[in-house]
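In this note's numbering, the protein residues as written are 30 to 545.
Reading through the structure tokens given below for one structure.
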Amino acid sequence: MKLISDIFHNHCGGDGKVSPSTLRELLLTLGDHNLGIWDTSDVDTILARWSDRSAIDFDEFVSWVYQDCALLSPRDCADECSHSPRHLTINFDVNKTLVMRDKTAGKSVEVVINEVLAETCWGTVEGSEWILVSDKPSSLRPEAPAGGESLVSYAEFLERTMPGSAARKDRQKLKGAFTLQGHPGESMDHSHKELCKQLIYPDGSPVQVVHAFFRLLVELKRSKRSFCLIFRSFGEDLELVSQELNSFCEGKHPMFPGFCMDGSDGEPDYRFHMGHPERYGNFHVEDEELHLVLGTIEQPGEGRYKDAQDKTLAFFQQNDLPVKRIISGTSAVVEFIWDLSSKCVTAGFRDNFQFWKEKNHSQDGGKFFLFDASRSTQRHEMFFDDNVHFDDLKIVRPFNRLRQRKSWWGLPLLQTHVCRADALTAINDDLYFVSEVQRMEANYEHKLAAIQRCSTCLRRLPKHGAQSVSLPDLHRDTNYDAWEGLRKDERVLPLTSDADADFFSPTALGSQGTQT
30 MKLISDIFHN HCGGDGKVSP STLRELLLTL GDHNLGIWDT SDVDTILARW SDRSAIDFDE
90 FVSWVYQDCA LLSPRDCADE CSHSPRHLTI NFDVNKTLVM RDKTAGKSVE VVINEVLAET
150 CWGTVEGSEW ILVSDKPSSL RPEAPAGGES LVSYAEFLER TMPGSAARKD RQKLKGAFTL
210 QGHPGESMDH SHKELCKQLI YPDGSPVQVV HAFFRLLVEL KRSKRSFCLI FRSFGEDLEL
270 VSQELNSFCE GKHPMFPGFC MDGSDGEPDY RFHMGHPERY GNFHVEDEEL HLVLGTIEQP
330 GEGRYKDAQD KTLAFFQQND LPVKRIISGT SAVVEFIWDL SSKCVTAGFR DNFQFWKEKN
390 HSQDGGKFFL FDASRSTQRH EMFFDDNVHF DDLKIVRPFN RLRQRKSWWG LPLLQTHVCR
450 ADALTAINDD LYFVSEVQRM EANYEHKLAA IQRCSTCLRR LPKHGAQSVS LPDLHRDTNY
510 DAWEGLRKDE RVLPLTSDAD ADFFSPTALG SQGTQT
């Protein structure tokens, strides 16, 4: 590895720093010397990890490429690709990712769909009125009319004209009536009716969890995939999703009658029981250290403990809570989650909303997401959440098992590990989650294969020697962007604090609890 670094240092001024565009030219030159199977797609895929930097430390680059590939031979990699699908760990946010109805708040399907449409229908502001422009809902902001101002959703309009937490209840009421006669979205009543049909069973009872989730489970089992499910929420809604999942697993779901995942056929039991303390609890953050409290989802500052003064770990010992045990320290939590997620089980954890709030609703305080992007693990971690943003993931905090103190740029992970869940599509398309899992798996395999080819290429370099490889005089291209075709503008996202925090629970309306 040292010889490889020296060769590049000799051609890059000796300081060990290169721009992404310079490194791209260097790697493509190696391909021209038949040192590896190499093309621009491979190079761009690898450099995308650094495309938000002005300079790359080459030693760090080489270490990253070598670290995982050193554990597997090319034959091992080929065998893995052809015979052994990776074990999946799929984290699912609950509200507005899987559940489109807040039973605790007493909201009907009709009200929740109106709220969804208020956030996904777009218009213009004329004076003090919002005028609908779009003829169909969209989770992303459409392009503005030629020469016109940017479109705004009805939800954004309400937040601008009725700002602040004191007006949240009034905003929610207006959003919940969006398509009713006399309201700004009444012409979208046809979309409202169509979406409601998807969330009501033939007997008239409401759908609690979107069918796309269960269709994913069906496809995973039929494909004989090994996987772990982990439900994630800032709120107290794990009980609801537990009931729905268990009914499905026991063959009692009205849309999937007789399909079982309860272990009765000798295969894994994916039921989720709140009484299983090793698979149920909540994350607690104190002095930037992560802890996991097993056996309860009660938190200081939330629910019936909203007024609790002590928000330290001592809270869980001073109140009469069914705490099984507390896993203290980030490293210990990482070890526990990594071991748990290797099993074919379902778990559920409540994330720390207060910490996210302290971090200004940013990625640094988001839901803990453990991943290890290494081929040698034979695993692939995923996270679905409707509040994910494009650059700063906002509500998800990526945490690499091997580089625990490093922050991670969101865009590359959105191709392979994190999905901004689209509520509209999840309601309308039963294959939505199946398609998104397939997309991330394909992108992940392409990325790992590119890294493997890069490693092979670099390993051959010392055999040729520094002088035998003629590297060109290079000029930094400040316009090079490995993600040019995939980079997304944050401005296309709905920008409301109500949507960001997903306040459709009793607490947000002036009672207790926050759910997202």
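C-beta atoms are modelled at their ideal positions from N, C-alpha and C, and glycine is treated no differently.
Paired residues, beta bridge with residue i - DSSP
| i | result |
| --- | --- |
| Met-411 | Ile-119 |
| Asn-457 | Asn-457 pairs with nothing; no bridge assigned. |
| Val-425 | Lys-396 |
| Ile-355 | Val-322 |
| Pro-235 | Ile-229 |
| Asp-3 | Outside the modelled stretch of the chain, which goes from 30 to 545, sits residue 3, for which no answer is possible. |
| Asn-124 | Val-128 |
| Asp-291 | Asp-298 |
Expected contact under 8 Å - CB spacing of residue i and residue j to nearest Å
| i | j | result |
| --- | --- | --- |
| Arg-333 | Thr-118 | With 8 Å as the limit, Arg-333 and Thr-118 do not qualify as a contact, their Cβ atoms being about 32 Å apart. |
| Ser-167 | Thr-149 | 6 Å |
| Asp-459 | Ala-173 | About 33 Å; that fails the 8 Å criterion. |
| Pro-523 | Ala-77 | Not a contact, Cβ separation roughly 26 Å. |
| Leu-342 | His-313 | 6 Å |
| Arg-244 | Val-463 | 6 Å |
| Lys-340 | Ser-391 | About 20 Å; that fails the 8 Å criterion. |
| Cys-225 | Ser-370 | Rounded, the Cβ-Cβ distance is 36 Å, inconsistent with contact. |
| Leu-321 | Phe-365 | 6 Å |
| Gly-394 | Arg-426 | 7 Å |
| Phe-328 | Arg-379 | A quick correction: the sequence has Gln, not Phe, at residue 328. With 8 Å as the limit, Gln-328 and Arg-379 qualify as a contact, their Cβ atoms being about 7 Å apart. |
| Pro-235 | Arg-130 | 6 Å |
| Pro-283 | Tyr-230 | 5 Å |
Contact under 8 Å by Cβ, residue i with residue j
| i | j | result |
| --- | --- | --- |
| Leu-319 | Val-352 | no |
| Ser-255 | Asn-124 | no |
| Asn-429 | Asp-401 | yes |
| Phe-344 | Ile-355 | no |
| Phe-301 | Thr-375 | yes |
| Asn-311 | Phe-207 | no |
| Cys-448 | Phe-413 | yes |
| Ile-85 | Leu-57 | no |
| Gly-324 | Gln-383 | no |
| Pro-213 | Leu-267 | no |
| Leu-187 | Leu-203 | yes |
| Asp-415 | Asp-88 | no |
| Glu-273 | Gln-237 | yes |
| Val-94 | Leu-487 | yes |
| Gly-280 | Pro-286 | yes |
Option in the options with minimal Cα separation from residue i
| i | options | result |
| --- | --- | --- |
| Cys-483 | Ile-75, Val-47, Thr-51 | Ile-75 |
| Ser-271 | Leu-453, Leu-127, Ser-70, Glu-387 | Leu-127 |
| Thr-69 | Lys-476, Asp-518, Arg-520 | Lys-476 |
| Leu-399 | Gln-237, Asn-120, Val-140 | Asn-120 |
| Leu-146 | Ser-234, Ala-337, Val-181 | Val-181 |
| Ser-179 | Asp-199, Glu-158, Val-154, Ser-168 | Val-154 |
| Asn-17 | Val-239, Thr-190, Ile-480 | Residue 17 is absent from the structure shown; the chain starts at 30 and stops at 545. |
| Ala-452 | Tyr-461, His-446, Thr-445 | Tyr-461 |
| Asp-291 | Phe-285, Met-284, Pro-283, Phe-277 | Phe-277 |
| Ser-163 | Ser-157, Trp-151, Arg-170 | Trp-151 |
| Thr-485 | Pro-49, Lys-46, Ser-48, Asp-71 | Asp-71 |
| His-446 | Val-417, Val-91, Val-94 | Val-417 |
| Leu-269 | Leu-249, Lys-281, Met-303 | Met-303 |
| Arg-520 | Arg-251, Trp-385, Val-140, Asp-420 | Asp-420 |
| Val-141 | His-221, Ala-175, Asp-199 | His-221 |
| Leu-228 | Thr-454, Trp-438, Asp-518, Asp-510 | Thr-454 |
| Gly-439 | Arg-432, Asn-348, Lys-517 | Lys-517 |
| Glu-307 | Asp-368, Val-247, Gly-176 | Asp-368 |
| Ile-480 | Ser-92, Pro-49, Gln-201, Glu-54 | Ser-92 |
Where the alpha helix (DSSP H) through residue i begins and ends
| i | result |
| --- | --- |
| Arg-449 | No alpha helix (DSSP H) contains Arg-449, which is instead part of the beta strand (DSSP E) from 447-449. |
| Cys-225 | 218-227 |
| His-240 | 240-251 |
| Cys-278 | 267-278 |
| Ala-184 | 183-190 |
| Ser-70 | 69-76 |
| Lys-202 | 197-205 |
| Gln-328 | Note, Gln-328: premise wrong, no alpha helix (DSSP H); not H, not E. |
| Lys-386 | 382-387 |
| Gln-346 | 344-347 |
First and last residue of the uninterrupted beta strand (DSSP E) at residue i
| i | result |
| --- | --- |
| Tyr-309 | 309-315 |
| Leu-161 | 158-161 |
| Arg-379 | 375-379 |
| Glu-155 | 151-155 |
| Arg-261 | 256-262 |
Residue i beta carbon near the ligand SAH (any heavy atom closer than 7 Å)
| i | result |
| --- | --- |
| Arg-53 | This structure simply doesn't include the ligand SAH, nor any ligand for that matter. |
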